[in-house]
Each structure stands twice: as structure tokens, then as C-alpha cells.
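Structure, as C-alpha cells:
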Amino acid sequence: MVDTKRLIKILMFILCTIIIVGCWNRRELNDLAVSVAMGIDKQGEKQILLSDQVLIPEAISGKEGGTSTIAPVVLFQTSGYGIQETARKMTKRSTRKIYVGQLQILIFGEEFAKEGLAKVLDHITRDHEYRRDFYVAVARGSKAQDILKVFTALEKTPATKLKSALDVSSKVWGETSAIKIDDLVSAIISKGKEAVVTGITLEGDRKFINKKQNAEKISAPVKQIYSNLAVFKKDKLVGWLNEQESIGYNYIQKNIKSTSVLLSCPKDNNKKITVELLNLKNETKVVMKNGKPVIHLNIKTEGVISDAQCSMDFTKPFSISQVEQLTNNKIQKSILLSVNTLQHKYKSDIFGFGEEVERKSPEYWEHVKNNWNEVFSGIPVHVQVKSKVRQMYKTSKSFLERMEE
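The C-terminal position of the sequence shown is numbered 405 in full-length UniProt numbering, with every residue numbered one higher than the one before it.
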């Protein structure tokens, strides 16, 4: 018969041993400075400027009655020749070691991104402290450090605002794309797809950078705005897409969950119709013709009319067909603009057509993979869009029409 007391003692000993072993590498929070956002800029000819946005626990916890006068974060900065060296030098300014395990977003300065991200990404992929789920962005027309110095409303920390804004805008507006560090690394090392990263810029009066009053005004004098997509070749920034080209890219990538399409009325270009797209499907198909690939993009969308200034009777099938055709044309135009820019201006396959070609014809791919971007620039791309407007919100007539009844 088993001795119950002895068994309990053994089990408690094992449990205590597991707890002790599991915590051997534990570091107290008080010993660390938790970085939630990081910026990397070019500094001089050969150096980098590293900026870490670090949480101040007292301000975040609200222990001082909920209206703390302490800024929620502090920005530590130092320069050096490499990210590892620079990060270690940061301890000269911080009383604690910078901990990057809770990083939410990494922002590259535009000038730095033009010279290449390879060395930084090599360090990040090797260092075990970095997680693989934080977002990346490129500061357009400004430095990453300036983006991180802006106080923001709604969220307690600027880093949380940056992360949340990118997450939301990528789902409900087609111009941005929420790219995580793993996505960026995978695209850079791929031979069949180039990297793309969302841009972020500053809008407004820059004298309010680094001032808490910016978050205390009803209309913030300076704002961080996500805008357009940065195009890369390997690890180097080569240019930018405009709004329509960025939306076209996201249509191809099936990144758009929901967005609005603004259309001109059939008989009056000064009046508009807004179609809210609620569902989008995309099939990318490669057809080998005379030994060379042809790309076929088949886009299917569903949506509703959310705003209409036109004098149209939306109870009639013909009117709905007109709106569907206008939607088809608008989406197709955005996609073709994007493809044309990437093929002829940048010669950078950010769409991943090369990966589709490799799956379709491995033998052909072996011959062209080392020169794919040049081959990509001459590949025919056919776009077919089929939209379905299933219903209208609340009423089939415009508000102005109902006023005149």
C-alpha cells in the first residue's frame, strides 16, 4: 500500500524543483528598461543613431491619481557603428539594460533604409531577446527619432498608438500594410519576392515634436500619419508607391479586409458614389505560353453602396450593374497602375509573382531566378475584376431625392 504522506512530499519536492529550475534565468523587471519602440537612423557617413522608446512604469501604472505629470516614456539615444555595439553603449545613458522583448514597432529612417537593412536584420534574427511579431515601418521625409518623439492621445504610450493605428488602417483602408519583422526578413531573402514596408510621416507643426502639449490639444498640432508603401530591392529602399498604387498592391496581396471605393456618377463626374467593399478574393494564376509565363489575376469582390449623390434608381438591376462596372474599372485601374510602376520604374517584384512562377514551372524558374526582376519587368499581367453589389444601406434613394419627394 502506497504511503500517502510520503507520496505528497515527493510530489511537492518535484514541483519545487521545477519552479526553481524554470526561474534560473529570470530577470527582475526593476533591473530592466523595457523598450516598446525603436528607431534607427543614419548618423554621419558610417554610423547609426539608435533610439529606444522606454516605458516609465510609474507613469503607466497611474499611481499618482490617474493624472500623472510624468511622460509615459523616455527616449534613450546613442550612436555607433553597429546595432549591437550601439545598444550596449546605451547603458551609459540608462541605469538599466534595455530589454527589447516587448518591442511593438521598429522604424527605419528613410536615409538609413536607402543604404540597406541587412546588418540590422542580421543582428535582430540572431538575438534571442527579440520577438518575431513586432511591426516595421519606414519614416518618409523625416527621421525615425522624430517619429518616436511625438506625444499622442488615445493610447497611454506613443508605441501603442503606432502599433494600433497600423493594425486598424491595414484592415479598413487599403493604402497601408501591416508588415511584421518576419515578413520583412522572408521577403528580403526570397528570390521570388521583394520586400515592401508601410511608410510613416509627420504632418503639421514640427515645433511640437517632443512636447507633451501635443497630446493635450483637441487637434494635435503634429501628427504621425501612415502613408504609402516603401519599395525595396533586396534590403535597400528604392522608392515609394502613391496612394492608388499602394491600394493596387494590397488588392493583389489579398491584404484588404474592408475598404471604400469612391466612384464618379455615370452622368455627373462632380457627384460621387461610395461602395464599401466587405469581401475580396483573389486568385493568381500562372500560364506558360510559348515557354514564358503570363500572370492572370482574377479579383472578386462584394460590397454595398454606403453613399450616393447620383440621381439613380438603385431598385433597378441596370443601375446596380452600372455601379458594379464602375467598381470593376476602379479596382482594375489601381492594380494596373501598381503593376506598371513596379515593372517599369522600380523593376521590383513585391507581388511575389516569382514564387508563383517557381511553383508552376520549376525548370523555367531555375533559368531565370538569378535575374528575375529583369524578367519580371517584361511579363504580361492580365487583370479581371468581378464585383457584386448585393444591397444598399437602409435606403435605395439618396437623401436629396427623398427631400424632394
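Positions of the beta carbon are idealized from the N, C-alpha and C atoms, including for glycine.
Note that the structure is predicted; figures quoted are calculated from it, not measured.
For D313 against I273, the beta-carbon gap comes to about 13 Å, at or over 8 Å, which does not count as contact. By the criterion of at least three beta-carbon pairs nearer than 8 Å, the segment 173 to 180 is in contact with the segment 247 to 255.
In this structure, G204 keeps its C-beta atom at 8 Å or more from the C-beta atom of I107. Burial check for A87: the Cβ neighbour count within 10 Å reaches 16 or more, so the residue is buried. Look at the beta carbons and you see the segment 239 to 248 not touching the segment 157 to 165: under three pairs across the two are nearer than 8 Å.
Around the beta carbon of E283, fewer than 16 other beta carbons lie within 10 angstroms, which makes this residue exposed.
Secondary-structure assignment with DSSP links A33 through a beta bridge to I98.
Looking at the DSSP output, A144 shares a beta bridge with no other residue. In the DSSP assignment, Y364 falls within the unbroken alpha helix (DSSP H) covering 362 to 368. Check the Cα spacing between S319 and each of L336, A118, K330, I305: the tightest is with I305. For D268, the number of other beta carbons within 10 angstroms of its own is below 16, and it is reported as exposed. Taken atom to atom, the span from the alpha-carbon of G291 to that of I379 is near 12 Å.
Look at Q309 here: in three-state DSSP terms it is coil, with no helix or strand label.
Counting along the chain, the unbroken alpha helix (DSSP H) around V339 starts and ends at 317 to 340. Nearest neighbour of E110 by Cα position, chosen from K89, V136, V100, R93, turns out to be V136. In the DSSP assignment, F112 falls within the unbroken alpha helix (DSSP H) covering 110 to 115. Here DSSP, grouped into helix, strand and coil, assigns G248 to helix. A check of alpha carbon separations from W173 across E243, D146, D41, A230 identifies E243 as the nearest. Taking a cut-off of 8 Å on C-beta distances, the segment 145 to 155 does not touch the segment 114 to 128, as fewer than three cross pairs fall below it.
Taking all protein chains in view, the Cβ of V287 is surrounded by fewer than 16 other Cβ atoms within 10 Å, so the residue is classified as exposed. With a threshold of 16 other beta carbon atoms within 10 Å, S227 meets it and is buried. The C-beta separation of A37 from K97 comes to about 17 Å, leaving the pair out of contact by the 8 Å criterion.
Nearest C-alpha to F112 among K236, L263, F351: K236.
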